[in-house]
Amino acid sequence: MIRHIDLAVQKIFELKEKEPAKFKKLIDEGIMIGLGVDLGDGNKEVTTADQIKEKNRPKDPEYAAVADAVIAGNRAEAAKLTAGLLEKGRDPTDLVLNALMHGIQTVCELYDIGESYVPEILLANEALLGGVELCQEKIGDIPSQGKVVSLVIVGDLHDIGKNIVAAILRANGFDVIDLGRDITVEAVVEAVKAEKADLVTGTTLMSTTKGGLKALAEALESEGVPVACGGAAVDSHFVETFGNSVYGKTPLDAVKIAKQICAGKSWEEVRKDLH
124 MIRHIDLAVQ KIFELKEKEP AKFKKLIDEG IMIGLGVDLG DGNKEVTTAD
174 QIKEKNRPKD PEYAAVADAV IAGNRAEAAK LTAGLLEKGR DPTDLVLNAL
224 MHGIQTVCEL YDIGESYVPE ILLANEALLG GVELCQEKIG DIPSQGKVVS
274 LVIVGDLHDI GKNIVAAILR ANGFDVIDLG RDITVEAVVE AVKAEKADLV
324 TGTTLMSTTK GGLKALAEAL ESEGVPVACG GAAVDSHFVE TFGNSVYGKT
374 PLDAVKIAKQ ICAGKSWEEV RKDLH
């Protein structure tokens, strides 16, 4: 046991030395225990920030400029470039899907590898909305992909993760009803019925409150509405101890879950695919 702890501590300090960005992310989010002791596979291929940017960069240089503005979190620039392209006759839906969305996708993937942080995601989302709003004015409301109720479970006041998930879901075309933090199971069930929601996203940072996610999933089972569970206190092993639920580690996982659920897949199918 002592040897195992020594190795874990050594691994943490190696992470701080070799990958300070990832180390900072762990400290910022309070999940060092969950990730720092994972010795991992030393031969696993690592995706770099440059690879992510190159993969997501639009081939059209004008679209790439829009994506860059979103990545930089520059709402004014994103709106200016989007307006210019709309004046040129560019299709607004195509602009959303193939320029603006590429920017937010890049920031989220950079976040996953510790190369982007919470404030940058929020700024990128604001920049994205600056362009999306102009496109919506041109074509009317962009069709919703589905309706999601978002919350932090009762007893927990930490809502940064929930805010990010809600922002990214909205950016991907979902209607999000944000109930806030410290929300009871009863309040969620009431909102789900009133809004005819397709999915609920529930998060918690604290292990003392994560049992509320289990209670929520069980309460919503009769409504046929699954719960996407996330947060620093939650992992796939915990979520697999109860039904009507899927685990999401990152904001992009929440989008994947929402897309599949709203496309008609069962929570069992989605869990099998993503866990």
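In the working numbering, the protein residues as written are 124 to 398.
Backbone N, C-alpha and C fix where the C-beta goes; we use that ideal spot for every residue, glycine too.
Computed from a prediction, not measured in an experiment: that's the story for all the values here.
#1: Fully enclosed by the stretch 346 to 386, which alpha helix (DSSP H) runs are 4 residues long or longer?
#2: How should L280 be labelled, buried or exposed, when 16 other C-beta atoms within 10 angstroms of its C-beta is the threshold for buried?
#3: Would you say the stretch 265 to 284 touches the stretch 364 to 372, given that touching needs at least three Cβ pairs under 8 Å?
#4: Do you know how far the Cα of I306 is from the Cα of A313?
#5: Among T331, M329, G354, V323, which residue has its Cα nearest to the Cα of A342?
#6: Count the other CB atoms within 10 Å of the CB of A199; is the residue buried (16 or more) or exposed (fewer)?
#7: In its own chain, which residues sit with a C-beta less than 8 Å from the C-beta of T205, not counting the 5 before and 5 after it?
#8: Between the C-alpha atoms of S389 and I227, what's the straight-line distance to the nearest angstrom?
#9: Comparing C-alpha positions only, which one of K319, H360, L208 sits nearest to A183?
#10: Can you tell me whether DSSP reads G253 as helix, strand or coil?
#11: What is the DSSP secondary structure of I236, reduced to helix, strand or coil?
#12: Cβ atoms of T332 and G353: under 8 Å apart, would you say?
#13: Taking the alpha-carbon positions, what's the G157 to L233 distance?
#14: Tell me whether Q383 is buried or exposed, calling it buried when 16 or more other Cβ atoms sit within 10 Å of its Cβ.
#15: Here's a check: name, in chain order, each residue in its chain whose Cβ is nearer than 8 Å to the Cβ of I300, leaving out the five neighbours to either side.
#16: Alpha carbon to alpha carbon, what distance is there between A338 and G278?
#17: Could you pull the start and end residues of the beta strand (DSSP E) that D321 belongs to?
#18: If you drop the 5 nearest sequence neighbours on each side, which residues of the same chain put their C-beta closer than 7 Å to that of S359?
#19: Give every residue of the same chain whose Cβ lies closer than 7 Å to the Cβ of A356, excluding the five residues on either side of it in the sequence, and list them in chain order.
#20: How would you write the range of the alpha helix (DSSP H) that D191 sits in, first residue to last?
#21: I'd like to confirm the pairing. Which residues does DSSP put opposite I306 in its beta bridges?
#22: Residues bridged to T326 by DSSP?
#23: Roughly how many whole angstroms lie between the Cα atoms of G303 and I276?
#24: For I175 and H225, what's the separation of their Cα atoms in angstroms?
#25: What first and last residue would you give for the alpha helix (DSSP H) that runs through N179?
#26: Do A290 and L220 have their beta-carbon atoms positioned less than 8 Å apart in this structure?
Once the coordinates are examined:
#1: 359 to 362, 374 to 385
#2: On the sequence shown, residue 280 is found 157 positions in, with the first residue counted as 1. Under this definition L280 is an exposed residue.
#3: no
#4: On the sequence shown, residue 313 is found 190 positions in, with the first residue counted as 1. On the sequence shown, residue 306 is found 183 positions in, with the first residue counted as 1. This sequence places Glu at residue 313; Ala is not what is there. Their backbone Cα atoms lie some 11 Å apart in a straight line.
#5: One-based indexing of the sequence shown puts residue 342 at position 219. The candidate whose alpha carbon is nearest that of A342 is V323.
#6: Position 76 of the sequence shown, counting from 1, holds the residue named residue 199. Exposed, since its Cβ has fewer than 16 Cβ neighbours within 10 Å.
#7: If you number the sequence shown from 1, residue 205 lands on position 82. If we look at T205 and ignore the five residues flanking it on each side, its Cβ neighbours are V189, L218, A222, L223, G253, G254, L257, C258.
#8: Translated into positions along the sequence shown, residue 389 becomes position 266. Translated into positions along the sequence shown, residue 227 becomes position 104. Computed Cα separation, rounded: 27 Å.
#9: As a position in the sequence shown, residue 183 is number 60, starting the count at 1. According to the sequence displayed, residue 183 carries Asp and not Ala. For D183, the nearest C-alpha among the options comes from L208.
#10: The residue given as residue 253 occupies position 130 in the sequence shown. Residue state, collapsed to three classes: helix.
#11: Counting from 1 along the sequence shown, the entry for residue 236 is found at position 113. It is coil, neither helix nor strand.
#12: Residue numbering aside, residue 353 sits at position 230 when the sequence shown is read from its first letter. Residue numbering aside, residue 332 sits at position 209 when the sequence shown is read from its first letter. For G353 and T332, no; Cβs fall outside 8 Å.
#13: Along the sequence shown, one-based indexing puts residue 157 at 34. Along the sequence shown, one-based indexing puts residue 233 at 110. Per-residue confidence for G157 stands at a pLDDT of 33, beneath the threshold of 50, marking its modelled position as unreliable; the derived number appears in the next sentence. Computed Cα separation, rounded: 20 Å.
#14: Here residue 383 corresponds to residue number 260 of the sequence shown, with the count starting at 1. By the 10 Å Cβ count, Q383 comes out buried.
#15: Walking along the sequence shown from the start, residue 300 turns up at place 177. Here the set comprises K270, V271, V272, S273, A314, E318, A320.
#16: Within the sequence shown, residue 278 is the residue found at index 155, counting from 1. Within the sequence shown, residue 338 is the residue found at index 215, counting from 1. Straight-line Cα distance between these residues: approximately 13 Å.
#17: Counting from 1 along the sequence shown, the entry for residue 321 is found at position 198. Here D321 belongs to no beta strand (DSSP E), and DSSP marks it neither H nor E.
#18: One-based indexing of the sequence shown puts residue 359 at position 236. Cβ within range, chain order: Y370, H398.
#19: Indexing the sequence shown from 1 puts residue 356 at position 233. These residues qualify, in order along the chain: T327, L328, M329, S330, K333.
#20: In the sequence shown, the residue the question calls residue 191 occupies position 68. Start and end: 184 to 194.
#21: In the sequence shown, counting from the first residue as 1, residue 306 sits at position 183. I306 is bridged to I276.
#22: Working through the sequence shown from its first residue, we reach residue 326 at position 203. Beta-bridge pairing links T326 to V275, G353.
#23: As a position in the sequence shown, residue 303 is number 180, starting the count at 1. As a position in the sequence shown, residue 276 is number 153, starting the count at 1. Rounded to the nearest angstrom, the two C-alpha atoms are 9 Å apart.
#24: Reading the sequence shown from its first residue, position 52 is the one you call residue 175. Reading the sequence shown from its first residue, position 102 is the one you call residue 225. C-alpha separation (whole angstroms): 11 Å.
#25: Within the sequence shown, numbered from 1, the residue matching residue 179 stands at position 56. Start and end: 172 to 179.
#26: In the sequence shown, counting from the first residue as 1, residue 220 sits at position 97. In the sequence shown, counting from the first residue as 1, residue 290 sits at position 167. No, the pair does not count as a contact, with Cβ atoms beyond the cut-off.
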